[in-house]
Amino acid sequence: DVKVTQSSRYLVKRTGEKVFLECVQDMDHENMFWYRQDPGLGLRLIYFSYDVKMKEKGDIPEGYSVSREKKERFSLILESASTNQTSMYLCASSLFWTTRGYTFGSGTRLTVV
Amino acid sequence: DQQVKQNSPSLSVQEGRISILNCDYTNSMFDYFLWYKKYPAEGPTFLISISSIKDKNEDGRFTVFLNKSAKHLSLHIVPSQPGDSAVYFCAAVSQGGSEKLVFGKGTKLTVNP
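These protein sequence lines map, in sequence, to chains A and B.
Residue 7 in my numbering is what sits at position 7 of the first sequence, and the numbering runs on without skipping anything.
Remember, my numbering sits 1000 above the position in the second sequence when you count from 1.
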C-alpha cells in the first residue's frame, strides 16, 4: 500500500514563527497536495505539485509556500505563523490519475498560540 | 463558487438502518466521483467511486448512485454500524481536465447503537 507520512501529528508554535510541515510518500507518485481541514469548511487546497520543483497555488495559498526538491517529499511552509492558521493540515499524493484518487497522510494538527 | 455541495453537515441514524448521504455538483465536466471517509485525527481514506458512464457502483455495504441529469450522487450504507460514524467527503474530478479533485465540505455521520 502507498504510504504518505507526515512528520508530526501535533505541533504547537508561536505567532510569528516559521513553521515547516513535512510530507513523504513512498510510491513514486507524481502529484502531491497540501490541504487544510477546518470545521464547516471541509478540505481546502493550499498548494499542489505535479513534478519536482513544480508547484501551483490552490484555493488558499496566502501565508503559505511549498518546496518540492525531491519527488517523494513535499514541504509546506508557514512563513510567519498566525493564529488563523491553527488547523488540521493534510498531505496527499497520487499518480497522475487513478480510480482511487488521492492517498492522504494522517494529518498534522497545528496550533498557533 | 462551490462546485461540489454536501448540504447536510450532519446525519444521525440508528444502527442497522440505512444511511443516505447526498452530494450535488454543478460542473457538467465532472466525470468521476469519489467518496472518502475520515475519522478524527486521521487522514481521509478512499471508500468508493463511480464513473459517469455508470449509475450505480456497489462494494459490500456501500453503494453509490449517480444521477447525471440531476447532477446528484448519493452514498448508501446498509446496514449502518457504529464504526461507520465519521465524516464523509464527496469529491469530483474532470479526468480530461486538471485532474484535481474538488471536495465537498463533508457530512458527519453518527450511527447510534
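A virtual CB, placed ideally from N, CA and C, is assigned to each residue, including glycine.
Short of 7 angstroms from the beta carbon of A/F20, and not among the five residues preceding or following it, lie these beta carbons of its own chain, in chain order: S75 and I77. Ranked by Cα distance from B/G1104, the options B/S1028, B/F1089 and B/T1110 are led by B/F1089. For A/Y102, a Cβ of chain B is located within less than 8 angstroms of the residue's own Cβ. A distance below 7 angstroms between beta-carbons, with the five flanking residues on each side excluded, links A/K57 to the following residues of its chain, in chain order: Y47. Judged by beta-carbon spacing, B/N1057 lies within the 8 angstroms limit of B/S1049, meaning their Cβ atoms are closer than that value. Using beta-carbon distances, B/L1034 counts as an interface residue toward chain A, with a partner under 8 angstroms. When C-beta atoms of the stretch 12-26 of chain A are compared with those of the stretch 35-43 of chain A, fewer than three pairs fall below 8 angstroms, so the two segments do not count as touching.
Using beta-carbon distances, A/G107 counts as an interface residue toward chain B, with a partner under 8 angstroms.
Exclusion of the five residues before and after A/G16 leaves S80 and A81 as the residues of its chain whose Cβ lies within less than 7 angstroms of its Cβ.
CA-CA distance, B/E1015 to A/K18, rounds to 46 angstroms.
Contact residues of the stretch 1083-1096 of chain B toward chain A are F1089, A1091, V1093 and Q1095 (C-beta to C-beta distance below 8 angstroms). Straight through space, the alpha carbons of B/H1076 and A/E69 are spaced by roughly 42 angstroms. When DSSP states are grouped into helix, strand and coil, A/Q85 belongs to the helix group.
Under the three-state reduction of DSSP, B/D1031 is assigned to coil, being neither helix nor strand. No Cβ of chain B is located within less than 8 angstroms of the beta carbon of A/F74.
Under the 8 angstroms criterion on CB atoms, B/K1054 is classed as non-interfacial with respect to chain A.
In terms of Cβ geometry, B/Q1006 and B/N1027 do not form a close pair [threshold 8 angstroms]. Separation of A/D51 and A/S93 (C-alpha to C-alpha, rounded to the nearest whole angstrom) is 11 angstroms. Taking a C-beta distance under 8 angstroms as the contact criterion, B/S1080 and B/V1111 qualify as a contact pair. In this structure, the straight-line span from the alpha carbon of B/S1051 to that of B/N1067 is close to 11 angstroms.
Beyond the five residues adjoining it in sequence on each side, A/R9 comes within less than 8 angstroms, by CB distance, of S106, G107, T108 and R109 in the same chain, given in chain order. Under the three-state reduction of DSSP output, A/D38 falls in the strand class.
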